[in-house]
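Notes to accompany the following structure.
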Amino acid sequence: MAVPYTKDWASLSKFNPEFEALLPAISGFQLVTPGVTTLKSLRAFGTNRPPSPLWPEVLEKDIQIPMRDGSSNRAKVYSPSRLGMEVKSLAVFAFGGGYVSGQLETEETNCRTWVKRFGGVAVSIGYRLAPEHPWPGSHEDIYDAVKWIAKNYKQLDADPSKGFILGGTSSGATTMMSITHLWRDEALTPPLTGLFVSTPRSYYSPSMLPEKYRHRDISYEQNKDAPVFNQTVSKFLSSFIKIDPLDPLPSPLLWPTGHKGLPAMYMVVAGADRWRDSGLLYEEVVREEAGVKTRLDIFGGLVHGFWGFFPTAEFSKEYRKKVEDGLEWLVGQSR
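For reference, each letter of the sequence shown is one residue, going 1 to 335 in this note's numbering.
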């Protein structure tokens, strides 16, 4: 369950009781088995699922968004099914998967919730993956898609003046964090009004942090052997993508022009996640040093992507409720 903020970040790794009770049932499960798992099989694990039932309140439509190299990527637009509704706010979501796996349908609950709860328009964007499309190709695809949506929002029956929010999960969250910096640095319009990031993944080594932060980022080592998503999985994913650990694009905490002037941010962090502390550090820095409005939910003792691995657990139900409330908070910041 979500827990209060504490300065004792190490204590957040203590397993959630409900999660701990589930561990015997998954004791033999390995997301990645060295020498056995292939990228193809891992991708299949994440995509071989039956289509989820449609929500009657939501219309869904596939579109193609052009990229800078002349290709195009699929995106899915979610909009209210009720005709005659006032044009509403706009949200754009990017899925996670370490830039080497994943699909845009994993953001459908966030998109459908945006439409049902707020009457807005949401877009889940697809992007090409490494190693077939080397880094920073995934980032460029996501950025190109966001810029295209910002330019063509009228085609989507959206109005970003009533709210223009970016959101993402894991690596998708990380890229959206970077895009808020680029949007500010390049003075792009329409202005972004909010950012939702769920369990963002960083790509720096803690040793590369400024000295005042370095001793505080302990989760990368502390949670390296966490169940389900651990160092074996992260090493496997990283083996297919070459990222400079000094590159701020996948590690926006290191952004060279700082963090002032960024939109309000809602963040979710998992206590037993290897990237827990990089998320907590980012939230603290943008709030205390840059004056960014933030809202933070911490799910103590849970692993990276817990709601996807255990969708029927009570902690996953609470996660979805907290996300709804967090998105509502972001909508309020847009007014």
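Quick reminder that beta carbons are idealized off the backbone N, C-alpha and C, glycines included.
The beta carbon of residue 101 is closer than 6 Å to those of 42, 43, 46 in its chain, skipping five residues each way along the sequence.
Of the residues assessed, residue 98 falls on the buried side of the cut-off, its CB having 16 or more other CB atoms within 10 angstroms.
As for any alpha helix (DSSP H) of minimum length 4 sitting wholly inside the stretch 214 to 290, the runs are 219 to 222, 231 to 238, 276 to 288, ordered along the chain. The three-state reading of DSSP puts residue 32 in coil, since its state is none of H, G, I, E or B. Under the DSSP definition of a beta bridge, residue 296 partners with 267. Counting C-beta atoms within 10 angstroms of its own C-beta, residue 291 has fewer than 16 neighbours from the protein chains shown and is therefore classed as exposed.
Of the residues 110, 140, 277, the one whose Cα lies closest to the Cα of residue 300 is 277.
A Cβ-Cβ distance of about 13 Å is found for the pair residue 171 and residue 279, leaving them out of contact under the 8 Å criterion. Contact between residue 241 and residue 271 is ruled out by a C-beta separation of about 26 Å, above the 8 Å threshold. Membership of residue 100 in any alpha helix (DSSP H) is not indicated, and neither H nor E is assigned to it by DSSP. Spanning the alpha carbons of residue 19 and residue 29 requires a straight line of approximately 14 Å. Rounded to the nearest angstrom, the Cβ distance from residue 32 to residue 115 is 35 Å, too far for a contact under 8 Å. A Cβ-Cβ distance of about 18 Å is found for the pair residue 75 and residue 54, leaving them out of contact under the 8 Å criterion. DSSP lists 198 as the bridge partner or partners of residue 169.
Taking the CA atoms as reference points, residue 11 sits about 11 Å from residue 3.
Per DSSP, the unbroken alpha helix (DSSP H) holding residue 110 starts and ends at 108 to 118. Ranked by Cα distance from residue 293, the first of 323, 264, 281 is 264.
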